[in-house]
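Contents: one structure, followed by commentary.
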Ligand code: OXD
Ligand code: MN
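In my numbering, the protein residues as written are 9 to 600.
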């Protein structure tokens, strides 16, 4: 497949270590992928779904102990501990290589080693990077073939270069006690053992496109961020792009694919999706920040996805999609999940593989769900009705605004704008959000998650903050404006106050207007807040007083939060002085 000596040497090392019965290079040819699907159906790894209703779609179930990312078993292995920083688990590379090689040694015996050359970003794009993943899982091959661009062409473009990421995945016994997801940023290497769940094993995604790439970006002067990218087209046909960071399962896919409210659609507004999870951003020749989506598909959370919440995501799953841990509706051999519709399937198998009894279903009790709360669809981006024509071009789109957001029942207002770039970096650094089912552990607990990168930053977060500040200095007056949003404020009964979904467009329009210097704002202690009348409430069942209630800054709550951030910042050995001084300014502003 290739004469690249760095590739052939590593493959030989992997063969010697893993001892596979067979070796298969993934060429990217449809016939090869189809043969793998058939094989996986024969072994029960995949179930073929109704070809008429869901052509080319399959269902997969993981082990019950393997349903989410495992942050406590995820390591950044740098030669100096401080380079991994206080927010990452660390282990010395030599020790971790030994431990992982001991776990993986010989485990491909009786199995096939699949070698997947893949590109993050359109093959050949100056913003793209190559990787090679070896795996003993057909499920991984087929998911990687959706989520990335795979095959021979990647190797052709790579040529003799050593600039590629090595990814070793070994299922082993899927033993949670020996599960490790390890990044070696100094060696461009990822090793994942004893898992078969997407976020842990599709190594192009979180491991490469965020953890390794964030480190590469730091060294090479660009940024890899946990951000969706969307384009807003106005009635004049001009498209402005926004990149937005939210923690996992906080609605990035929904925002990336939103459908504007009818009154805006009638005026001619449209939204185009460039990406729903990851953005790689570089400064372009004109000095502006350009972003690509390095992925080629969507690994979206299924529960809650329906025609109303995300029509475009649902449409994306209608063909050539792999569903993981959703319910199997035996009535018509399709899939179902909580929130898809109100028709609970009467004859279904739940995500654990057991018959599901709809009469026992209790919304409040996750253990009665038919689909796992973190069940997923892996859908090709080309299926998305609103995919941007820029998505596959590889030149990147110019970013006008960067948006941070989290899930906060109280505190953070619906939207505010930072005072400038450095203040925006501070706004990102103090982000916190309620935890979700995307990672193992308690759900609904507020935790700090700077820039939504806490589980994904491949180096010391203090250095990462400094990198953001440095990028701002390089961008100067061409820097995107930075905002914070919170769709999740609740009333005293715990109901969401803001309708969210397509109505978030009303807030995005204010953001774009601010970038263009067209909208007014009031200065507050935390930043610029819209004047209530600048958020268009046309056709919305919300009065201006309610809107005001989610736009106000509760000073005492922010004073308390500033104290909490003061404690949080203490853990950063390399906190940039600029962020400490931003915190002091916030406190001073709150005291005025
Ligand atoms: C994801 C995540 O899968 O953030 O995108 O967990
Ligand atoms: Mn994500």
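Note that CB positions come from ideal geometry on N, CA and C, so glycine has one too. Here the structure is a predicted model, which means the values were calculated and not measured.
Exercise for review: Kindly indicate which three-state DSSP category residue 88 falls into: helix, strand or coil?
Suggested key: coil
Check your understanding: How big is the Cα-Cα spacing for residue 109 and residue 152?
Key -> 23 angstroms
Exercise for review: Count the other CB atoms, across all protein chains shown, that sit within 10 Å of the CB of residue 339; report buried if there are 16 or more and exposed otherwise.
Suggested key: exposed
Exercise for review: Report the residue from 197, 246, 196, 11 whose alpha carbon sits nearest the alpha carbon of residue 521.
Suggested key: 246
Practice item. Starting from residue 342, follow the beta strand (DSSP E) in both directions and report where the run begins and ends. Key: 342 to 344
Check your understanding: So which residues put a beta carbon under 5 angstroms from any heavy atom of the ligand OXD, going in chain order?
Key -> 207, 256, 285, 446
Practice item. Hey, could you find the ends of the beta strand (DSSP E) residue 576 is sitting in? Key: Looking at the DSSP string, residue 576 is not in any beta strand (DSSP E); the run it does join, the alpha helix (DSSP H), is 563 to 577.
**Study point:** Alpha carbon of residue 473 to alpha carbon of residue 385, nearest angstrom
**Key:** 33 angstroms
Point to revise | Backbone secondary structure at residue 134 - three-state DSSP | key: coil
Review point. Which two residues bound the contiguous alpha helix (DSSP H) that contains residue 17?
Key: 13 to 26
Point to revise | For residue 238, the three-state DSSP class (helix, strand or coil) | key: strand
Practice item. Run through the region 325 to 386 for me and flag every whole beta strand (DSSP E) of 3 or more residues, listed as ranges in chain order. Key: 330 to 332, 335 to 337, 342 to 344
**Study point:** For residue 62, the three-state DSSP class (helix, strand or coil)
**Key:** coil
Point to revise | Buried versus exposed, by CB contacts within 10 Å (16 or more), residue 599 | key: exposed
Point to revise | Close Cβ partners of residue 509 (< 7 angstroms) along its chain, the five nearest in sequence each way excluded | key: 262, 266, 317
Point to revise | Uninterrupted alpha helix (DSSP H) stretches inside the region 468 to 540 (no shorter than 4 residues) | key: 469 to 483, 512 to 523
Practice item. Report, in whole angstroms, the separation of the C-beta atoms of residue 299 and residue 281, which I expect to be a contact under 8 angstroms. Key: About 13 angstroms separates the two Cβ atoms, so there is no contact after all.
Review point. Going along the chain, which residues of its own chain have a beta-carbon closer than 6 angstroms to the beta-carbon of residue 426, five neighbours each way excluded?
Key: 432, 435, 490, 535
Review point. Measuring CB to CB, does residue 118 end up less than 7 angstroms from residue 175?
Key: no
**Study point:** Nearest candidate by alpha-carbon position, reference residue 182, set 111, 10, 61
**Key:** 111
Point to revise | Local conformation of residue 303 per DSSP, three classes | key: coil
Point to revise | Beta-bridge partners of residue 313, as assigned by DSSP | key: DSSP output for residue 313 lists no bridge partner at all.
Review point. Can residue 130 and residue 402 be called in contact, C-beta distance under 7 angstroms?
Key: yes
**Study point:** Buried or exposed (CB count within 10 angstroms, at least 16 for buried), residue 137
**Key:** buried
Review point. Between which two residues does the beta strand (DSSP E) carrying residue 101 extend?
Key: Here residue 101 belongs to no beta strand (DSSP E); instead the alpha helix (DSSP H) covers 101 to 112.
Review point. Quick one: is residue 214 buried, meaning 16 or more other Cβ sit within 10 Å of its Cβ, or exposed?
Key: buried
Exercise for review: Hey, could you find the ends of the beta strand (DSSP E) residue 33 is sitting in?
Suggested key: 30 to 33
Practice item. For residue 351, count neighbouring Cβ atoms within 10 angstroms of its own Cβ and tell me buried if that reaches 16, exposed if not. Key: exposed
Practice item. Kindly list the residues whose CB is nearer than 8 angstroms to the CB of residue 204, restricted to its own chain and excluding five residues on each side of it in sequence; keep chain order. Key: 70, 71, 74, 145, 147, 148, 179, 182
Review point. On the three-pair Cβ rule with 8 angstroms, is the region 409 to 417 touching the region 434 to 449?
Key: yes
Review point. When you compare each of 216, 240, 200 to residue 115 by their alpha carbons, which one comes out closest?
Key: 200
Check your understanding: By Cβ distance, which residues of its chain are closer than 6 angstroms to residue 82, with the 5 residues on each side in sequence left out?
Key -> 189
Point to revise | Close beta carbons around residue 243, own chain, < 8 angstroms, minus the five adjacent residues each side | key: 275, 276, 277
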